[in-house]
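Chemist: For reference, the structure I am asking about is given below.
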Amino acid sequence: MSEASPLSPDARRARQIATTGLVLGVFLAALESSVVATAMPSVIADLGGQRLYALPFAVYLLTSTVSSPLWGRASDVLGRRRLYLIGVVLFLLGSALCGLAQSMGWLVAARALQGLGAGAVLPLTLTIIGETYSLAERGRVQAFISGVWGLSGLLGPLLGGWLTDTLSWRWTFYASLPFGLASLLIAWRHLRETGTPRPARLDWAGAALFTLGSGLTVWGLEGRAWPLALPGLLILLAAVAVERRHPDPLLPMRALARRATAIAFTGNFLGGAAYFGVIAYLPLYAQGVGGGGATGAGAILTPMLVGWTLTSILSARLLTRVPLARLAQVGFLVLTGTFALLTLVVHAPLWVTSALGFVVGMGMGFAMLSLLLSAQEEAARPELGAVTSGVLFARQMGGALGVALMALLIGSAAIAAGGPALAEGLRRAYVFAFVLVAAGFALSLVLRAGKPAVAQTPGAARETSGAD
1275 MSEASPLSPD
1285 ARRARQIATT
1295 GLVLGVFLAA
1305 LESSVVATAM
1315 PSVIADLGGQ
1325 RLYALPFAVY
1335 LLTSTVSSPL
1345 WGRASDVLGR
1355 RRLYLIGVVL
1365 FLLGSALCGL
1375 AQSMGWLVAA
1385 RALQGLGAGA
1395 VLPLTLTIIG
1405 ETYSLAERGR
1415 VQAFISGVWG
1425 LSGLLGPLLG
1435 GWLTDTLSWR
1445 WTFYASLPFG
1455 LASLLIAWRH
1465 LRETGTPRPA
1475 RLDWAGAALF
1485 TLGSGLTVWG
1495 LEGRAWPLAL
1505 PGLLILLAAV
1515 AVERRHPDPL
1525 LPMRALARRA
1535 TAIAFTGNFL
1545 GGAAYFGVIA
1555 YLPLYAQGVG
1565 GGGATGAGAI
1575 LTPMLVGWTL
1585 TSILSARLLT
1595 RVPLARLAQV
1605 GFLVLTGTFA
1615 LLTLVVHAPL
1625 WVTSALGFVV
1635 GMGMGFAMLS
1645 LLLSAQEEAA
1655 RPELGAVTSG
1665 VLFARQMGGA
1675 LGVALMALLI
1685 GSAAIAAGGP
1695 ALAEGLRRAY
1705 VFAFVLVAAG
1715 FALSLVLRAG
1725 KPAVAQTPGA
1735 ARETSGAD
């Protein structure tokens, strides 16, 4: 990490204000991803289109996931600030159009636009934070962002239900507009350009193949439509082959040749597959095995989210004492042990699974934040956006694959039957998750420990990356 001259009081104040705007943007995106679920029954009653019920969720996930690496790489070439502002504008425009929707087709199209903007907000926020704060400071800021994301996930369903019952389902979309406008205005006035715009020959072929391949893969995996997912994976392999030969690739191929970055990508993929693959079916467990209703489903998921949030904050405090590699190893060790325990307690009371879910969240909080910071520390400035967004993309793709594979392991018959059959199916999913996180733990042992973060002068990311 290159050193920079100390910040003046005015520059420090401007950075704090700009960070506030970025955090508001994250709150906006996180809130919208969770607030809509409780409104959808009312949306269907008003607009009709029951057969399209899942599309507003799926298309938002698709466009936000697929566009995230594109935004990150483009910011390396064109600059962070302008693309962040464009992303927020697209999100706000999509939100307004969702609230004005007169048909399900209109709503689905508006959600696609909204997801496209959301694909810019989180990766560009984390990239900008990575360039404007030292490692020790960055851990605290990114942990705070994790806390905001977690709080939004907890408040979103409650807020969505209240707005739908009190006003209208349309206000679940309008509610994000004040936060988004505030974020936009603060970023417009106080956010400085942190990237270095540079001329580059855009990799149009790689971008087209990557977009098509990842789009088909995510859509196919989420809907378990293998005729889409398998060609998508093949197209992604073709995209990688094109990227390897391009002088300025869309994907951070040179960064992936380095140890910490490759482990961060792989670890996020494995952790995302295990975590998101399991939580997709825990509500079924709460209702079909534990005997709880919607409240029980929420009670079993909330501890996992709380554990992830609290441990991200704790990790930030430990950065000055514990190397990043050790935090990642602790995280994966916790995940490995907890998933092993979960395989033994599938018939236990609901509170046991909830308590172990909290520990799973703790493992993710330790592992995911430290891997992201490790990759950012190793990245050169011209590739920081691609590396940051790529790590997040790997986690999302892992989650999509994990959900699909665990559905096969649990089995549709067990899902339909519930009771002991569902519990045994979930045991198979826990075993698979155990294998995934155990592989992640083995990989984390390859990371070099290095030194704990010190209270450095805030500076940009390193200009050149060293070999690990």
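Throughout, my numbering is defined as the position within the sequence shown, counted from one, plus 1274.
Beta carbons are placed, not taken as given, at the ideal position from N, Cα and C, and that holds for glycine.
(1) How is the alpha helix (DSSP H) around D1477 delimited, first residue to last?
(2) With distances taken Cα to Cα, identify the nearest neighbour of A1513 among T1535, R1532, G1487, P1526.
(3) Rounded to a whole number of angstroms, what is the C-alpha to C-alpha distance between L1216 and L1344?
(4) CB-CB under 6 Å to A1688, same chain, minus the five flanking residues each way: which ones, in chain order?
(5) If you scan the stretch 1638-1712 from start to end, which runs of the beta strand (DSSP E) of 3 or more residues do you find wholly inside it?
(6) How big is the Cα-Cα spacing for L1451 and E1657?
(7) Any idea what DSSP makes of L1607, helix, strand or coil?
(8) Taking 8 Å as the cut-off, does the stretch 1623-1641 touch the stretch 1595-1615 (at least 3 CB pairs, one atom from each stretch)?
(9) For V1604, tell me which candidate among A1703, G1353, T1585, T1617 has the shortest Cα-Cα distance.
(10) Say whether the stretch 1480-1494 touches the stretch 1451-1468, bearing in mind that this needs 3 or more beta-carbon pairs closer than 8 Å, one atom from each stretch.
(11) Quick check: the Cα distance between L1367 and L1458, rounded to an integer number of angstroms?
(12) Going by C-alpha distance, which of L1305, V1300, L1329, A1304 is nearest M1314?
(13) Applying the criterion that 16 or more other CB atoms from any shown protein chain within 10 Å of the CB defines a buried residue, is W1478 buried or exposed?
(14) Taking three-plus beta-carbon pairs below 8 Å as touching, is the stretch 1641-1648 in contact with the stretch 1371-1383?
(15) In chain order, what residues of the same chain lie with their CB nearer than 8 Å to the CB of V1363, ignoring the 5 residues before and after it?
(16) Given this structure, state the Cα-to-Cα distance separating G1552 from G1353, to the nearest angstrom.
(17) Three or more C-beta pairs closer than 8 Å, one from the stretch 1618-1633 and one from the stretch 1590-1600: is that the case here?
(18) Considering only residues of the same chain and omitting the five flanking positions on each side of Y1559, which have a CB-CB separation below 6 Å?
(19) Spatial neighbours of V1620 within its chain, please: CB distance less than 6 Å, with the 5 preceding and 5 following residues excluded, ordered by chain position.
(20) Determine the extent of the alpha helix (DSSP H) in which Q1376 is found, giving its start and end residues.
(21) Taking 8 Å as the threshold (C-beta atoms), are M1680 and A1703 in contact?
(22) Over what stretch of residues does the alpha helix (DSSP H) that includes G1451 continue unbroken?
(23) Out of curiosity, what's the CA-to-CA distance linking A1292 and D1284?
(24) Work out the CA separation of G1685 and A1536 for me, nearest whole Å.
(25) Over what stretch of residues does the alpha helix (DSSP H) that includes L1508 continue unbroken?
(26) Counting C-beta neighbours from all protein chains within 10 Å, is the total for S1276 16 or more, i.e. buried, or is it exposed?
(27) Tell me which residue opens and which closes the alpha helix (DSSP H) that L1721 is part of.
(28) Between the C-alpha atoms of A1481 and L1556, what's the straight-line distance to the nearest angstrom?
(29) Which residue spans inside the stretch 1285-1326 form an unbroken beta strand (DSSP E) run of at least 3?
(30) Note down, in chain order, each residue of its chain lying with its Cβ closer than 8 Å to the Cβ of T1220, except the 5 sequence neighbours on either side.
(31) On the DSSP letters alone, give me the boundaries of the alpha helix (DSSP H) that W1443 sits inside.
(32) Where E1737 and A1375 are concerned, what is the direct C-alpha to C-alpha distance, given to the nearest angstrom?
(33) Cα separation between V1516 and R1355?
(34) Is the CB of M1578 under 8 Å away from at least one CB in chain C?
(35) Could you check which residue in T1399, V1422, T1401, G1692 has the C-alpha nearest to that of I1587?
(36) Kindly indicate which three-state DSSP category G1353 falls into: helix, strand or coil?
Modeler: Working from what's here:
(1) From DSSP, D1477 is part of no alpha helix (DSSP H); its letter is neither H nor E.
(2) Considering only alpha carbons, the answer is G1487.
(3) With the chain covering only 1275 through 1742, there is no way to say anything about residue 1216.
(4) Scanning its chain for C-beta atoms nearer than 6 Å, with the 5 sequence neighbours on each side dropped, one finds around A1688 the residues A1695, L1696, G1699, in chain order.
(5) For the stretch 1638-1712, not a single whole beta strand (DSSP E) run of length 3 or above is found.
(6) Between L1451 and E1657, the alpha-carbon positions lie close to 32 Å from each other.
(7) Secondary structure of L1607 (DSSP, three-state): helix.
(8) Touching, yes, given that three or more Cβ pairs across the two stretches are closer than 8 Å.
(9) For V1604, the closest C-alpha among the options A1703, G1353, T1585, T1617 is that of T1585.
(10) At 8 Å Cβ cutoff, the stretches do not touch.
(11) For L1367 and L1458, the distance between alpha carbons rounds to 12 Å.
(12) When each option's Cα is compared against that of M1314, the closest is L1329.
(13) Counting the other Cβ atoms within 10 Å of the Cβ of W1478 gives fewer than 16, which makes it exposed.
(14) Touching, no.
(15) For V1363, where only same-chain residues beyond five positions count, the Cβ hits under 8 Å are G1391, L1458.
(16) According to the sequence as given, residue 1552 is Val; it is not Gly. One C-alpha to the other measures close to 37 Å.
(17) Flag = no, the stretch 1618-1633 and the stretch 1590-1600 do not touch.
(18) For Y1559, where only same-chain residues beyond five positions count, the Cβ hits under 6 Å are L1700.
(19) Taken in chain order, the residues that qualify are A1697, L1700, R1701.
(20) Counted as a single uninterrupted DSSP element, the stretch harbouring Q1376 is not any alpha helix (DSSP H), since DSSP gives it neither H nor E.
(21) Yes, the Cβ-Cβ distance between A1703 and M1680 is below 8 Å.
(22) Note that residue 1451 is Leu in the sequence shown, not Gly. Looking at the DSSP string, the run of the alpha helix (DSSP H) that includes L1451 is 1450-1464.
(23) Rounded to whole angstroms, A1292 to D1284 spans 12 Å at the Cα level.
(24) Using only the alpha carbons, I get a separation of about 33 Å.
(25) For L1508, the enclosing alpha helix (DSSP H) has its first and last residue at 1500-1519.
(26) Note that S1276 scores a pLDDT of 41, beneath 50, so its modelled location is shaky and nothing firm can be said.
(27) Here L1721 belongs to no alpha helix (DSSP H), and DSSP marks it neither H nor E.
(28) Each residue's CA atom was taken as its position, placing A1481 and L1556 some 36 Å apart.
(29) Listed in chain order, nothing qualifies, since the stretch 1285-1326 has no complete beta strand (DSSP E) run of 3 or more residues.
(30) An answer regarding residue 1220 cannot be provided, because it is not within the stretch 1275 to 1742 covered by the chain.
(31) Premise fails: W1443 is in no alpha helix (DSSP H) and is neither H nor E.
(32) With a pLDDT of 41 at E1737, under the threshold of 50, the modelled position of this residue cannot be trusted; read the value that follows with caution. Rounded to whole angstroms, E1737 to A1375 spans 47 Å at the Cα level.
(33) CA-CA distance, V1516 to R1355, rounds to 29 Å.
(34) Of the protein chains in this structure there is only one, and it is not chain C.
(35) Closest option to I1587, Cα to Cα, is V1422.
(36) The answer is coil: DSSP assigns G1353 none of H, G, I, E or B.
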